[in-house]
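**Student:** Chains as they are written, first to last, in my numbering: chain A, 1 to 112; chain B, 1001 to 1113.
The beta carbon of each residue, even a glycine, is placed where N, CA and C say it ideally should be.
1) Could you check what DSSP says for residue 114(A) in three-state terms: helix, strand or coil?
2) Which residues in chain A have a C-beta closer than 8 Å to the C-beta of residue 1043(B)? List them in chain order.
3) Go through its chain and collect everything with a Cβ distance to residue 88(A)'s Cβ below 6 Å, but skip five positions before and after it.
4) Please identify, using Cβ separations under 7 Å, the residues of the segment 1029 to 1055 of chain B that lie next to chain A, in order along the chain.
5) Using the rule of at least 16 other Cβ atoms within 10 Å of the residue's Cβ for burial, across every protein chain shown, is residue 1043(B) buried or exposed?
6) Would you call residue 1084(B) buried or exposed, if buried means 16 or more other Cβ atoms sit within 10 Å of its Cβ?
7) Any beta-carbon of chain A closer than 7 Å to the one on residue 1067(B)?
8) Along the segment 31 to 55 of chain A, what residues have a CB closer than 8 Å to any CB found in chain B?
9) Using a threshold of 7 Å, state whether the C-beta atoms of residue 996(B) and residue 1006(B) are closer than that.
10) For chain E, find out if any of its Cβ atoms is closer than 7 Å to the Cβ of residue 100(A); answer yes or no.
11) Tell me, to the nearest whole angstrom, how far the beta carbon of residue 1060(B) is from that of residue 1047(B); I am working on the premise that it is less than 8 Å.
12) What residues of chain A sit near residue 1099(B), judged by a beta carbon separation below 7 Å?
13) Please name the residues in the segment 1099 to 1113 of chain B whose beta-carbon is closer than 8 Å to at least one beta-carbon of chain A, in chain order.
14) Quick test of your reading: residue 1004(B) and residue 1025(B), contact by CB under 8 Å. State the CB separation rounded to the nearest angstrom.
15) Can you name, in chain order, every residue of its own chain whose Cβ lies under 7 Å from the Cβ of residue 52(A), other than the five neighbours on each side?
16) Do residue 24(A) and residue 1049(B) have their beta-carbon atoms positioned less than 7 Å apart in this structure?
17) What residue from 9(A), 14(A), 59(A) has the CA that sits closest to residue 80(A)'s CA?
18) So which residues of chain A does residue 1090(B) contact, with C-beta pairs closer than 8 Å?
19) Excluding the 5 residues preceding and the 5 following residue 2(A) in the sequence, name in chain order all residues of the same chain whose CB lies nearer than 6 Å to its CB.
20) In three-state terms, what does DSSP make of residue 1085(B)?
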């Protein structure tokens, strides 16, 4: 019973490098989300996808792009990483009949 | 716009004593309210939710929360705290009919033996 799986768990990037954070859920959920968690700021929504084929900006989308590859997968891309993007990134999913969102274990990203 | 406030960065309580972690919210329309818990180096785990109905909702690990519409609050409570309850707690709101979950800044609960 995997739930929401994120890869990688840890990553160190140099400023200007690009990378993609992967997220997959095996619960047949329609909606998926990307959040970042920073000390003292809680979780802030980066992007979300209400259903396959749709994506929308959240509170802090600048510097990120997303792809809803299929119903299972929702990736987050940093085209040119900056130190301000050092954070812990969480992916979550929710189905249309459920109410609560379920979270992955997180990706700890450091940009140096 | 939706928002959530958790006014306490940290709450300390002695083991066996009751605990309360505070949350107030602002949302247009009917709110769906949630509590999540995060242990070190882990993702967020769902604790409980309020959708409609009884203002007192019960969740996992003996936690409960009280919805108060007039005070726009959704405080998390437990009658008798355990050391193992020590963690970071997040309150969240989602307006009915929308997809966005908005989280508070979190409250660190420390239960002292």
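**Tutor:** With the given structure in hand:
1) Missing from the structure shown is residue 114(A); chain A here goes from 1 to 112 and no further.
2) 4, 90, 103, 104, 105, 106
3) 37, 106, 108
4) 1032, 1034, 1042, 1043, 1044, 1046, 1049, 1051
5) buried
6) exposed
7) no
8) 31, 33, 35, 40, 41, 42, 43, 44, 45, 48, 50
9) No statement about residue 996(B) is possible, as the shown extent of chain B runs from 1001 to 1113 and does not include it.
10) Here the protein chains are A and B, and chain E is not one of them.
11) 5 Å
12) 31, 48, 50
13) 1099, 1100, 1101, 1102, 1103, 1104, 1105, 1106
14) 5 Å
15) 68, 70, 71
16) no
17) 14(A)
18) 42, 43
19) 26
20) helix
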